[in-house]
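In the working numbering, the protein residues as written are 398 to 534.
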């Protein structure tokens, strides 16, 4: 769990399961996938496209246009045709928007949902590796 002090002005945006985000409030938050040094990532249901999406919400202090690595990546990847990126297994952003919250303005990046979080995948792998054998089989 991340430090609660990261949820202050300039920091992370507070999110609850069930929250709706997006230009048309089309993204419904279902599950927290993870967090890092400057963002949280959420599994969302996209009501417009009827697909699962990962939503990366950047801390307000890191959402600055000049210094935000996410915006730089979006601009760089925007030069390429999506089919080229897909062919090279590069998960490019689908869209992005800004969200004004109690801790400031946050860049939000909508990404394809590629599978479970690393924590969940590791827990599953360990459970399978150390699973008890079935009795009576």
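Glycine is no exception: its CB is placed at the ideal position from the N, C-alpha and C atoms.
Inter-residue spacing [alpha-carbon to alpha-carbon] between residue i and residue j
i: residue 496; j: residue 459; result: 13 Å
i: residue 505; j: residue 498; result: 12 Å
i: residue 409; j: residue 494; result: 16 Å
i: residue 404; j: residue 457; result: 10 Å
i: residue 471; j: residue 482; result: 12 Å
Burial state of residue i, where buried means 16 or more other Cβ atoms lie within 10 Å
i: residue 484; result: exposed
i: residue 453; result: buried
i: residue 520; result: exposed
i: residue 488; result: exposed
i: residue 419; result: buried
i: residue 468; result: buried
Residue i versus the options, residue with shortest Cα-Cα distance
i: residue 421; options: 522, 443, 488, 480; result: 443
i: residue 502; options: 424, 427, 455; result: 455
i: residue 439; options: 469, 426, 492, 419; result: 426
i: residue 431; options: 524, 516, 416, 523; result: 516
i: residue 475; options: 490, 486, 509; result: 490
i: residue 417; options: 441, 507, 500; result: 441
i: residue 412; options: 500, 466, 473, 511; result: 500
i: residue 508; options: 464, 424, 435; result: 424
Closer than 7 Å to chain C by CB, residue i
i: residue 421; result: Absent here is chain C; the protein component of the structure consists of one chain.
Those runs of the alpha helix (DSSP H) which lie wholly inside the stretch 461–517 and span at least 4 residues: Correct list: 466–474, 479–484.
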